[in-house]
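Student: Under full-length UniProt numbering, think of the first position of the first sequence as 1, with each following residue one higher.
Using N, Cα and C, we set each Cβ at its ideal position, and we do this for glycine too.
The structure presented is a predicted model; accordingly, all values stated were derived computationally and were not measured.
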Amino acid sequence: MIIEDLLIAFGAEIQHYKAGEIIFREEDLPVYYYQIEKGKVKLNNYTEDGKEFIQNIFSDGHSFGESLLFVDRQYPMNAVAIEDSSIFRMSKSGFLNLVQTNPEISLNVYQCLAERMYYKYIMFYNLSFQNPVSKLKLLLDYLKSYHDDKAPYSFQIPLTRQQLASLVGLRVETVIRTIKQMEKDKMLKIEKRKIYY
DNA sequence: TCATTAATTCGCC
DNA sequence: GGCGAATTAATGA
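1) What's the gap between the Cα of tyrosine 196 and the Cα of serine 154?
2) Quick check on the burial criterion: 16 or more other C-beta atoms within 10 angstroms. Buried or exposed for methionine 77?
3) Do cysteine 112 and glutamate 166 have their beta-carbon atoms positioned less than 8 Å apart in this structure?
4) For methionine 90, does the count of other Cβ atoms within 10 angstroms reach 16, so buried, or fall short, so exposed?
5) Within 10 Å of its beta-carbon, does alanine 19 have 16 or more other beta-carbons around it, so buried, or fewer, so exposed?
6) Starting from the N-terminal side, write out each stretch of the beta strand (DSSP E) that is 3 residues or longer and does not extend beyond the region 71-159.
7) What's the gap between the Cα of valine 109 and the Cα of glycine 39?
8) Can you tell me whether isoleucine 179 is helix, strand or coil according to DSSP?
9) How would you label alanine 9, buried or exposed, when you count the other beta carbons within 10 angstroms and need 16 or more for buried?
10) Would you list the residues sitting across from histidine 16 in a DSSP beta bridge?
11) Rounded to whole angstroms, how far is the Cβ of leucine 127 from the Cβ of lysine 135, which I believe are closer than 8 Å?
12) Tell me whether lysine 192 sits in a helix, a strand or coil according to DSSP, three-state version.
13) Which value, in whole angstroms, describes the spacing of the CA atoms of isoleucine 2 and alanine 79?
14) With distances taken Cα to Cα, identify the nearest neighbour of residue 249 among Arg171, Asp60, Gln100 and Lys186.
15) Name the DSSP beta bridge partners of glutamate 52, please?
16) List the residues that DSSP assigns as beta-bridge partners of serine 59.
17) State the Cα-Cα distance for the pair valine 168 and glutamine 74, rounded to the nearest angstrom.
18) Phenylalanine 88: buried (16+ other C-beta within 10 angstroms of its C-beta) or exposed?
19) Compute the Euclidean distance between the alpha carbons of leucine 69 and isoleucine 23, then round it to the nearest angstrom.
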């Protein structure tokens, strides 16, 4: 979200993470701004019995966890690379400095934060009260909103069923059952196990 | 071709 | 809708 040249000018460095590598953990103190150059990252939590809930998944060009740089608190979630990734890492002071000296950048940051809040708003209501079809449909709609082609079945869901399940708090089996039901209802299409929405 | 990982199925609660 | 186990398909050394 922030121009790479500017990141570098304010002290950012590229870090490489292997798939599965942890970038930061719950209860760590936020001391860096992270922006993905290339790769994929998930923010998650684990319940006591080991179940994973995915807060969000980010890919190329996205930053993550920056809201925590504005409050004096520990991270409430983990960040894990889910593919081999190259990520810009800039110190908190560099980030705050950058935001203070560049109005356009801070506006940009506001927009990112607002986007995250929007996602939380729609998901929270939906995950609290709705049935599996509604939960998955909302998630798919949200994912597709970043896709230029709005035609039906034009968007291949870039996530595994397990990841979908972890994003909406369902089990894989339920996601599989529900996705099949949605295919019957012509809401999506399945080809070679890939989901097209 | 073997190994790994994801998807799917099944029976039961 | 969740759970555990078993089967099958896809993918990539």
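Tutor: Let me lay it out:
1) The C-alpha of serine 154 is placed about 6 Å away from the C-alpha of tyrosine 196.
2) Buried, since its Cβ has 16 or more Cβ neighbours within 10 Å.
3) The residue you asked about is not glutamate; residue 166 is serine in the sequence shown. Going by C-beta atoms, serine 166 is not nearer than 8 Å to cysteine 112.
4) Buried, because 16 or more other Cβ atoms sit within 10 Å of the Cβ of methionine 90.
5) Exposed, by the Cβ-count rule.
6) Here the runs fully enclosed are 78-81 and 85-91.
7) Computed Cα separation, rounded: 21 Å.
8) The three-state reading of DSSP puts isoleucine 179 in helix, counting H, G and I together.
9) It is exposed - the Cβ of alanine 9 has fewer than 16 other Cβ atoms within 10 Å.
10) Beta-bridge pairing links histidine 16 to Ser86.
11) So it is a contact: roughly 6 Å between Cβ atoms.
12) Secondary structure of lysine 192 (DSSP, three-state): coil.
13) If I take the Cα positions, the gap works out to 20 Å.
14) Limits of the chain in this structure are 1 at one end and 197 at the other, which puts residue 249 out of reach.
15) BP columns for glutamate 52 point to Tyr46.
16) Its beta-bridge partners are Lys40.
17) Approximately 24 Å, taken between the alpha carbons.
18) Phenylalanine 88 is buried by the Cβ-count criterion.
19) About 15 Å.
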